[in-house]
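Numbering (the working numbering), first residue to last: 2 to 384.
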């Protein structure tokens, strides 16, 4: 279960001293080929961190031979010096691996507005390059953690080829990626067009539908690197399906580690006029602090769900909606249904079903409850 399970990849994770905690903080993943095809999606936040601005330029060439990631600082809103730190990171990796800097993706995560220590950063990158190995995946996954309580890794295998991945993220998880860093590797032979199309389809129904707290980060990156080392060229549909499985697994691991959460909530919006309508309603519910607090309090308050649905432009008859908590239909046709006391919210998993009765489309959004622990952790994040 590691990013180095696919053939052609090495990785490492080391401690450079960027974190006050003394925990590991630099990861390096290298694609030894023979192919360097890559695809990526980035945050849609207009306020983008320096590594995102750099990596967008790299990905214009649809290839990447390495990615270097640091925790301990987002390198966002750090001015020209911050961008120089990003550029210097890519140049250092390129020098050590004898590749071009334009083939090095850079990712950062941590507090916004704090300058990274360049000496520690570059020294750490040199150490990371020296410790690269095909067993270095777990160390890399640990080095990108911030408020995460555990590393997130995945492995999916097919006939003669596989997909590995790692992710970080525990808060600021919202559609359009938010604060997550994800690196996915595969030894399948995939061309650039297929890789890009598959990654965008996979993220559309996984990471983009994960909404922990409605907050969008400045640093989100999901990177797919394809070595082609297996010599196997899967059919595009097969590749996309397995990639989607891997992304879904990582997304659920991110949700399960959401800051302070006590409930993992699945919101299924069914019988919508369009998929976009279903997504819009699901997001509106997921971003309702009133709804999230109700779940934390184990209160099946379906009125908060209908109120959230009513803020959207989705097509439906407000007087015809049905709502269920864990299979108990507490609202039928916009009126009280089964008694609320039949709902058991003591378990961590909670399923909400909203029937719009307006069509045949559906979508699922994942979120979590709003707890005292979440408020405490984020009130003290920078101190």
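Ideal Cβ placement from N, Cα and C applies to all residues, glycine included. Because the structure is a prediction, the values reported are computed rather than measured.
Three-state class that DSSP yields for residue i in the structure shown
| i | result |
| --- | --- |
| residue 100 | coil |
| residue 280 | helix |
| residue 134 | strand |
| residue 166 | strand |
| residue 143 | helix |
| residue 8 | coil |
| residue 183 | strand |
| residue 197 | helix |
| residue 92 | helix |
| residue 305 | helix |
| residue 326 | strand |
| residue 120 | helix |
| residue 290 | helix |
| residue 173 | Residue placement at residue 173 cannot be trusted, given a pLDDT of 47 that sits under 50; what the coordinates show is reported in the next sentence. Three-state DSSP puts residue 173 in coil, outside helix and strand. |
| residue 178 | Low confidence applies to residue 178: its pLDDT is 45, below 50, so where it sits in the model is not reliable enough to give any reading. |
| residue 358 | coil |
| residue 114 | coil |
| residue 340 | coil |
| residue 296 | helix |
| residue 154 | strand |
| residue 191 | coil |
| residue 14 | strand |
Residue i burial status per 10 Å Cβ neighbour count (16 or more: buried)
| i | result |
| --- | --- |
| residue 116 | exposed |
| residue 346 | buried |
| residue 158 | exposed |
| residue 48 | exposed |
| residue 361 | exposed |
| residue 190 | buried |
| residue 22 | exposed |
| residue 99 | exposed |
| residue 301 | buried |
| residue 32 | buried |
| residue 76 | buried |
| residue 393 | The shown model of the chain, from 2 to 384, leaves out residue 393, and the question about it has no answer. |
| residue 354 | buried |
| residue 65 | buried |
| residue 376 | exposed |
Residue i versus residue j - alpha carbon distance
| i | j | result |
| --- | --- | --- |
| residue 368 | residue 259 | 9 Å |
| residue 195 | residue 163 | 16 Å |
| residue 251 | residue 279 | 23 Å |
| residue 81 | residue 104 | 21 Å |
| residue 363 | residue 27 | 40 Å |
| residue 328 | residue 352 | 8 Å |
| residue 321 | residue 336 | 8 Å |
| residue 141 | residue 110 | 14 Å |
| residue 1 | residue 334 | One cannot answer for residue 1 here, as it falls past the ends of the chain, which runs 2 to 384. |
| residue 323 | residue 257 | 27 Å |
| residue 95 | residue 268 | 44 Å |
| residue 71 | residue 244 | 25 Å |
| residue 330 | residue 339 | 6 Å |
| residue 24 | residue 16 | 6 Å |
| residue 217 | residue 114 | 16 Å |
| residue 182 | residue 145 | 8 Å |
| residue 298 | residue 366 | 21 Å |
| residue 126 | residue 29 | 8 Å |
| residue 185 | residue 325 | 36 Å |
| residue 168 | residue 138 | 11 Å |
| residue 342 | residue 304 | 15 Å |
| residue 239 | residue 246 | 11 Å |
| residue 60 | residue 40 | 7 Å |
| residue 122 | residue 275 | 48 Å |
6 Å CB neighbourhood of residue i in its chain, flanking five on each side removed
| i | result |
| --- | --- |
| residue 241 | 199 and 202 |
| residue 294 | 371 |
| residue 357 | 272, 273 and 317 |
| residue 282 | 270, 310, 313 and 315 |
| residue 161 | 231 and 233 |
| residue 210 | 366 |
| residue 129 | 13, 15, 27 and 29 |
Same chain only: Cβ atoms within 8 Å of residue i, ignoring 5 sequence neighbours per side
| i | result |
| --- | --- |
| residue 8 | 188, 228, 230 and 231 |
| residue 349 | 263, 264 and 265 |
| residue 134 | 5, 11, 12 and 13 |
| residue 118 | 18 and 19 |
Own chain, CB closer than 7 Å to residue i, minus 5 neighbours either side, in chain order
| i | result |
| --- | --- |
| residue 107 | 52, 55, 56, 69, 87, 90 and 91 |
| residue 204 | 42, 223 and 248 |
| residue 309 | 285, 286, 289 and 292 |
| residue 296 | 264, 266, 346, 351 and 370 |
Q: List in chain order: all unbroken beta strand (DSSP E) runs of 3+ residues lying wholly within the stretch 52-89.
A: 67-71
**Q.** Length-filtered (4 minimum) alpha helix (DSSP H) runs lying within the stretch 200-259
**A.** You should have 237-257.
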